[in-house]
Every structure is written in C-alpha cells, then in structure tokens.
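Here's the structure, in structure tokens; my notes come after.
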Amino acid sequence: MPDQPTSTLSPEPTSVSVQPGGVIRGAIRPPGSKSLTNRALICAAMADGQSTLSGALRSEDTAVMIDSLRTCGVSINVSEAGRTIQVDASTRSTNADVTHELFIANSGTSIRFLTAALSAAGGNYDLSGVQRMHHRPIADLVDALAEVQLGSIITQSPGGCPPVAIRSRGWSDKPIRVCGSVSSQYLSGLMMAAPVALHARRPRANGGPSVGNVQINVIGELVSRPYIEMTAAVMRSFGANVDIEEVDLDAVETVSLRVSVSGEGYQGIEYEIEPDASAASYFWAAAAITGGEVTVLGLTPGAMQGDVGFCRVLEQMGCRFDHDADGMTLSGRASRGIDVDMNQISDTVQTLAVVALFADGPTRVRGVAHNRFKETDRIGDLACELRKLGATIEEHDDGLTIHPPADGITPATLETYHDHRMAMSLSLAGLAAEGVRVLNPSCTGKTYPEFFADLETLIGRPHRWC
C-alpha cells in the first residue's frame with residue numbers, strides 16, 4: 001500500500017492566551033450578524049425572484065445554512081470573502097420523489113429555521129447534525145408543526161431531539177400553538193415559514209393571491225423577545241405582512257403573544273446586513289474590563305439586534321455609554337456588581353460573566369434558564385470555568401451569581417465545550433490577568449472565524465498560541 005501523503009501544514013493551535021497590557025482604546029467593525037444573515041437566507045431562498053445580501057457573515061453556521069439550501073436546489077453564489085450572497089430560489093427542488101439529506105452540524109438557527117420552512121414548502125427532508133445537536137431539544141417546534149403538517153414530521157432522538165424527518169405536503173390552515181419558554185427561534189422559524197405556506201396555498205391555475213393568513217399563538221412566557229422583532233423586520237423587508245399582538249393573560253389563560261402573517265409570499269430584494277451585536281459585546285467588554293474606550297462601528301441603539309442593549313448593562317456597572325450615527329462607544333471600567341435580568345439579551349451572559357470577575361461586588365444574572373439548552377449548558381458549564389479563575393459561583397434555576405475572586409484571577413486552563421461564545425468570552429479574562437489559557441479556540445469559527453485576529457488588532461499586541 002503506498003504511503004499516505006504528509007501534510008506540510010502546521011496543526012491548528014490547541015489553545016490561546018490573550019495577553020494583558022493595559023487599557024484598550026480603539027474602534028472596530030464586527031462582521032455581519034449571524035442572526036440576520038441566516039434569517040435573510042431563509043427568506044431569500046423561499047422568495048420569488050433573485051436576492052442579493054450584502055454585509056453577510058462568513059462562518060460555520062452560515063455555511064451550514066447555505067450548503068443545506070443548495071442541497072435543496074437553491075442557487076447561491078458567494079463572493080467578496082462571503083460578504084455578498086446572491087440567491088436565486090427559482091431552482092429550488094420540488095421533486096416529491098427525492099429525500100434531501102441535510103447536515104446541520106451544531107447550528108441551532110439552521111435546524112430550527114429549515115425545519116419550519118421546509119415543512120411549509122413541502123417535500124421530503126432528513127435533517128441531522130453533530131452529537132451535541134442530537135441532544136438539543138426541538139420537540140416544541142416539531143409538536144407545533146405536527147398540528148398543521150399535511151404529511152408527517154418526527155424527531156428521532158430521545159427527548160424530542162434531532163434528527164428530524166419531514167415528509168410534507170405543506171400546511172393546513174389551522175392556527176399554530178408553540179411554547180415560548182425554551183427558545184425564541186421556534187417562533188421565529190414558524191413566522192418565517194408562514195409566507196412559504198401561504199405561497200404554497202396559492203391557486204396554481206391562475207396564479208391568484210394566497211389564501212387567508214397564518215396565525216401563531218405563543219403559549220406561556222416568551223424568551224428573547226427582541227429576536228422576534230428582528231425576525232418580523234426581516235420578513236417585512238422581503239414583502240411579508242406581520243402583525244404581533246400582546247394578549248391579555250386574564251382573557252386568554254395561556255396565550256401571551258399572537259402573531260398573524262399574511263401576503264403572497266416573499267419577493268427577492270437587495271438586503272444589507274448589520275454588524276453582529278453579539279460579537280460587538282466582546283469588544284465593549286474589553287473596554288469595561290481594562291477601563292479603556294472602544295467604539296463599535298456600524299451599530300446604533302436603534303439596530304434590529306437586541307444585543308446592543310448590552311451597553312446599557314455595562315453602563316449600570318459604572319461604564320460610560322455614548323453613541324452617534326457612526327457607532328456605539330463604551331468607556332471606563334465596570335466597577336460595580338449589579339442584579340440584572342438578561343432574558344432579552346441572553347447571548348451576552350457569558351460576556352457579562354467575565355466582566356463581572358473584575359467588578360467590586362457580586363453580579364446576579366436572572367431570566368436565562370433557557371441558556372442551559374444552547375451549544376452547551378451556558379449556566380452550569382460557565383460556572384465551572386469561572387470557578388477555575390477563582391470566582392465563587394452560585395447557580396440558580398434561572399441564572400447565576402458571580403462573586404469576584406478576592407485575591408485576583410487565578411491562572412487557569414479553560415474548557416470551551418465546543419461553544420464559540422465560551423471561547424470568545426473566557427479569553428477576555430486574559431486582558432487583565434496573567435496565565436489564562438483557553439482551549440480549542442478554533443470553535444469560534446461557528447460564528448466569528450476572525451475573532452482572535454480582530455481582537456489582536458484592536459488591543460495592539462499578539463496573543464500566545466500553543
């Protein structure tokens with residue numbers, strides 16, 4: 001048997017240490033929003049006509065979405081290092097005799113948005129991912145879809161987890177009921193799928209208007225409400241009509257929100273994507289930890305992404321927050337611990353937790369019980385790693401309390417659990433403490449492949465790789 005070729009490439013670093021070195025001052029523009037990129041890809045892939053998305057994010061999660069849509073026959077051309085995406089949905093497969101096999105890796109947005117959209121569009125699809133994905137619940141979404149599914153939709157792992165098998169002839173016109181307490185992405189997926197179902201109902205003979213509307217009722221508490229407003233805004237840009245109505249719980253015992261979607265489906269457009277506000281949180285945190293000043297360009301308090309609200313949380317901790325038409329600036333040290341409900345900005349909990357290590361007094365984070373069902377357990381696993389740094393951590397049902405180390409940060413090697421947000425957040429401790437080493441830094445490729453390069457540019461000194 002011939003020898004296998006030997007690679008001349010160096011192996012990827014297995015750990016990184018961000019180096020301390022004083023206050024951080026500068027400006028940066030993060031890449032495009034993952035949340036907006038994947039929402040826009042769904043709408044464009046189900047639209048009449050061609051769409052061009054500019055300012056898009058190039059990452060594992062967006063690549064997974066693009067590959068899956070291509071498997072379904074959608075024509076997608078990516079250029080300018082992933083920042084521009086041209087989508088032509090006219091080639092999308094409608095062959096009922098073909099089962100499309102989609103690999104979703106560990107992209108929660110992709111599997112939830114695709115499950116709903118493909119269920120509404122009709123056809124046969126099997127969606128699977130990595131092992132962790134097969135432990136992430138999707139039963140609430142699948143149960144909601146099963147009530148309107150013409151055909152079948154089932155999960156294939158214990159506990160209502162992926163893989164998901166769809167054998168669909170579209171949706172009926174019954175109202176949909178979905179639980180809101182585990183993930184807002186279930187509701188977002190159903191909302192974005194609704195125009196697809198309406199388009200599929202349109203009479204084929206004369207191309208007439210869609211029939212009726214789609215009504216979605218949210219049962220119980222809804223987590224991460226800003227993401228629902230973001231979803232509605234993207235849908236409206238692509239031509240859908242979306243109405244969101246708060247429901248009086250005294251009048252309807254269990255329904256907290258009602259969404260009504262109407263129109264004739266999506267239309268192809270040119271769509272510009274904002275910088276990622278969740279990614280921006282790491283750079284604002286760099287200022288808060290070191291007492292510096294960082295401006296994130298391209299975002300304003302009026303951005304569609306709720307995570308811009310992270311600046312207001314840091315302001316409560318003692319930082320100064322300023323903004324203008326060009327960006328948002330955070331300056332000064334986060335000097336005091338706070339008690340804060342982060343239900344609406346739960347993707348920034350890990351970032352805040354690291355900032356809290358350097359505050360004077362404890363920080364209590366509330367309202368994020370659903371964080372246990374993300375890429376990893378973002379309460380329990382986060383608590384474990386913060387303890388390695390010398391902090392005293394109390395876990396609660398809905399969050400955690402962080403007591404900063406009395407004698408400063410303890411040097412430690414930190415696990416990331418293959419979670420991009422664990423890697424980016426925990427690495428920030430090294431800005432003001434020696435000996436903080438973060439394993440598996442490449443997992444940031446899920447949403448932000450250039451994170452460590454961008455951080456290095458901002459702070460003006462190299463990281464230590466090994």
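So in the numbering used here, the last one in the sequence shown is 466, and the numbering has no gaps at all. Glycine is no exception: its CB is placed at the ideal position from the N, C-alpha and C atoms. Predicted, not measured: the structure shown is a model, and the values here were computed from it.
Burial state of residue i (16 or more Cβ within 10 Å)
i, result
"Cys72", "buried"
"Thr444", "buried"
"Asp347", "buried"
"Glu270", "exposed"
"Gly302", "exposed"
"Trp284", "buried"
"Arg312", "exposed"
"Glu246", "exposed"
"Gln185", "buried"
"Ala240", "buried"
Chain-order list of residues whose beta-carbon lies under 6 Å from that of residue i (same chain, five-residue window excluded)
i, result
"Val78", "Ile85"
"Arg506", "Residue 506 falls outside the range modelled here, since the chain spans only 1 to 466, and no answer is possible."
"Gln50", "Asp88, Gly268"
"Glu60", "Gly445, Lys446"
"Ala194", "Val214, Val261"
"Asp341", "Arg366, Gly367"
"Gly435", "Pro411"
"Val196", "Met46, Ala117, Ala120, Ala121"
"Thr295", "Ala27, Gly327, Thr329"
Helix, strand or coil at residue i [DSSP, three-state]
i, result
"Leu57", "coil"
"Asp48", "strand"
"Pro30", "coil"
"Ala197", "helix"
"Ser376", "In the sequence as displayed, the identity of residue 376 is Thr instead of Ser. DSSP places Thr376 in coil when its eight states are reduced to three."
"Arg333", "coil"
"Lys446", "helix"
"Gly306", "helix"
"Thr457", "helix"
"Phe238", "coil"
"Gln267", "strand"
"Asp140", "helix"
Of the listed residues the options, nearest to residue i (C-alpha basis)
i, options, result
"Ala165", "Arg177, Glu274, Gly151", "Gly151"
"Gln316", "Gln305, Ala325, Leu330", "Leu330"
"Ser168", "Pro175, Lys174, Ala146", "Ala146"
"Arg366", "Ser224, His100, Thr115", "Ser224"
"Phe113", "Leu36, Pro175, Thr401", "Leu36"
"His403", "Arg387, Pro411, Ser346", "Arg387"
"Leu192", "Glu385, Ala120, Leu102, Val23", "One detail in the question is off: residue 192 reads as Met in this sequence, not Leu. Answer by Cα proximity: Ala120."
"Tyr227", "Val294, Ala356, Ser183", "Ser183"
"Asp419", "Phe452, Val296, Val64, Thr447", "Thr447"
"Thr416", "Thr410, Ser427, Asn217", "Ser427"
"Val178", "Met328, Val130, Arg201, Leu257", "Leu257"
"Glu375", "Asp276, Met422, Ala139", "Met422"
"Thr231", "Leu431, Gly220, Leu190", "Leu190"
"Ala433", "Pro30, Thr290, Leu382, Gln131", "Thr290"
"Phe238", "Ala47, Glu456, Arg464, Pro31", "Ala47"
"Cys384", "Ala353, Ala117, Tyr282, Ala96", "Ala353"
"Gly399", "Asn343, Arg29, Ser54, Tyr125", "Asn343"
"Val64", "Pro30, Glu101, Gly22, Ile244", "Glu101"
Own chain residues within Cβ distance below 7 Å of residue i, not counting five before or after
i, result
"Leu69", "Leu41, Ala45, Ile76"
"Val234", "Leu36, Arg39, Ala40, Cys43"
"Ala359", "Met317, Ala334, Ser335, Arg336, Gly337, Pro404"
"Pro137", "Gly159, Gly160, Cys161, Val182, Phe373"
"His323", "Thr300, Pro301, Thr329"
"Ile345", "Gly306, Asp307, Gly309, Phe310"
"Phe103", "Ser128, Gly129"
"Asn206", "Low per-residue confidence applies at Asn206: pLDDT is 46, beneath 50, and the placement is therefore not dependable, though the value from the model is reported in the following sentence. If we look at Asn206 and ignore the five residues flanking it on each side, it has no Cβ neighbours."
"Arg236", "Val242"
"Glu456", "Pro462, His463"
"Ala406", "none"
"Ser362", "The identity of residue 362 in the sequence shown is Pro, whereas the question assumes Ser. Closer than 7 Å at the Cβ level, and outside the excluded window around Pro362, lie Gly337, Thr401, Ile402, His403."
Integer Cβ distance of residue i from residue j, believed to fall under 8 Å
i, j, result
"Glu242", "Val255", "Glu is not the amino acid found at residue 242; the sequence shown has Val there. Incorrect: roughly 17 Å between the Cβ atoms, too far for contact."
"Ala56", "Gly82", "6 Å"
"Gly332", "Gly309", "Between Gly309 and Gly332 the Cβ distance is about 18 Å, and since that is not below 8 Å, they are no contact."
"Val389", "Leu357", "Checking the sequence shown, residue 389 turns out to be Leu, not Val. Confirmed, about 6 Å."
"Arg378", "Thr401", "With a Cβ gap of about 15 Å, Arg378 and Thr401 do not count as contacting."
"Gln350", "Ser425", "4 Å"
"Asn106", "Pro175", "Wrong, their Cβ atoms sit about 32 Å apart, outside the cutoff."
"Ser33", "Asp276", "4 Å"
"His520", "Gly265", "Since the first residue shown for the chain is 1 and the last is 466, residue 520 is missing from the structure and cannot be characterised."
"Gly263", "Leu222", "The pair is not a contact, with the Cβ atoms about 23 Å apart (cut-off 8 Å)."
"Val148", "Trp171", "4 Å"
Residues near residue i in its chain [Cβ-Cβ closer than 8 Å; skip 5 each side]
i, result
"Val74", "Ala45, Val87, Asp88, Ala89, Thr91, Arg92"
"Gly380", "Arg372, Glu395"
"His134", "Ser128, Ser157, Cys161, Pro162, Pro163"
"Ala139", "Thr155, Gly159, Gly160, Cys161"
"Leu9", "Annotation note: pLDDT 43 at Leu9 (below 50); position unreliable, coordinate value reported separately. Here the set comprises nothing."
Closer than 8 Å to chain D by CB, residue i
i, result
"Ile85", "Absent here is chain D; the protein component of the structure consists of one chain."
Proximity test, residue i beta-carbon vs the ligand ZN heavy atom, cut-off 7 Å
i, result
"Ala391", "As for the ligand ZN, it is missing from this structure, which has no ligand bound."
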